[in-house]
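Take the sequence shown: its letters are residues 1 to 374, numbered as in the working numbering.
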Amino acid sequence: MLAAEPGSGPELASSRSEQRAWFIAHELPRELRNCLQVLDALANSTEEEFLGIGSELRDLQARSVTLCEKAGVSVRHLSGELVSGVIVGMDIFEEESGLCADQPGIPADACLSRAAELQGLLSDRYRSASHMAAYISERIEEIKGHIFAMVTFLQFHDITRQQFERSHVALRDALDIVLKQGEAGENRRISVLADVLHFCDSQIGILQRTREEFLHAAGQVVVSLRCIAGVVRDVMAGVSEAITGGNADDHSFLKGLARELAVVKGRFSSLPDAGLDQELETMITVLDRVDRDIADAFAEIGHAVPELLRDLERVATTMTIHTIVDGITDEIATRLGSVAAVLRRDLPDSGHAAGMGRIGFSGVSRSGDDIEFF
């Protein structure tokens, strides 16, 4: 990587000092430029993918929560209407069913039995819907927990992009310092080489840590995407069970409940001034309306679910950002490692003293004529 140009190079220099001056003036700037070119090319080619994956994950995050919250609202709406129906129904039956005993030709036992049966049906269906509303609320919280992995990944996603930008700036600053110090005295040249070596070591460590943290977060988000898909499937299956009451033959247990109420209405319709006929008619009307509302909501949700599941799986399967970050960090670390190896070979022991450069995360800055890493 650091081969000299034909007809020139350190082998033609008459002293170690001249060799070092030639290296700083020619080979070191060239290698730093090579690193910059690689970082430029890789960063530019992946900018769209970085932005794209961030945008997609934020979109999936919002769609997952919205869909499950819609499901939760619909089922809570269902259970709320049912509890109202249970309370109203029980009050009506308690007050009115005794009239059966006073009416000739009305089978009182049958009326009371039918009323009790309907109360039981209302109670069972209400409990089913209430349990499902609680279940969906729990699963929504589970999805929000998985979305935390997305948020964590997006933070690493942003940190990684920022670190590539810092590395870019740091490389340019290091190159500028090298170019300005090419004609300096021997001690200054040794100091420059030592500082650039510290810079290379620092950047290699930073990029490797960034890579490891990023890939771990990316792996977690893939798991979370698939977990969210599983939860969405479970929620929709649970909602379907709540809507049908576990009976696949019923398009909606609300419709079934309305039919049951219509039967009871027929049984009680001959009672004089009981008021039950009107109350039951109101309940049937409410159930029909709620059924339509929920059917509309779940038509929208049902349309959105397959597309969301496909997108969740597609993003989980095609997380090419893994290999992109792998490629960038590996390429830059390899090139900086080669530069560092040559610097170690060229530096005298006296010039490679600890503390000649300060290593850190943010990049490179100038303090007077010195290059600093912090």
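The beta-carbon is built from N, C-alpha and C at its ideal position, and this holds for glycine as well.
Since residue i and residue j are thought to touch, with beta carbons under 8 angstroms apart, how far apart are those beta carbons, to the nearest angstrom?
| i | j | result |
| --- | --- | --- |
| F153 | V231 | Not quite, the Cβ-Cβ distance comes to about 18 angstroms (not below 8 angstroms), so this is no contact. |
| I140 | C68 | 5 angstroms |
| I143 | I228 | 5 angstroms |
| K198 | L39 | Sequence inspection shows His at residue 198; the Lys mentioned does not correspond to that position. H198 to L39, Cβ: 19 angstroms. No contact. |
| L60 | C200 | Actually they do not touch by this definition, with Cβ atoms about 39 angstroms apart. |
| L312 | L225 | 5 angstroms |
Applying the criterion that 16 or more other CB atoms from any shown protein chain within 10 Å of the CB defines a buried residue, is residue i buried or exposed?
| i | result |
| --- | --- |
| H420 | Only positions 1 to 374 of the chain appear in the structure, and residue 420 is not among them; the question remains open. |
| S191 | buried |
| E165 | exposed |
| A340 | buried |
| F148 | exposed |
| V151 | exposed |
| A333 | buried |
| A21 | buried |
Going straight from the alpha carbon of residue i to that of residue j, what length do you get?
| i | j | result |
| --- | --- | --- |
| F156 | Q162 | 10 angstroms |
| S421 | T210 | The requested residue 421 is not part of the displayed model; the chain covers only 1 to 374. |
| L207 | A316 | 24 angstroms |
| A304 | G219 | 26 angstroms |
| E27 | I53 | 38 angstroms |
| S64 | D288 | 29 angstroms |
| A133 | D296 | 18 angstroms |
| N187 | S55 | 51 angstroms |
| A116 | D124 | 12 angstroms |
| D330 | A62 | 34 angstroms |
| S137 | I204 | 46 angstroms |
| V223 | A194 | 44 angstroms |
| D171 | L32 | What sits at residue 171 in the sequence shown is Leu, not Asp. Whole-angstrom Cα-Cα distance: 7 angstroms. |
| I177 | R314 | 46 angstroms |
| K70 | M236 | 11 angstroms |
| L336 | S74 | 58 angstroms |
| E307 | E213 | 31 angstroms |
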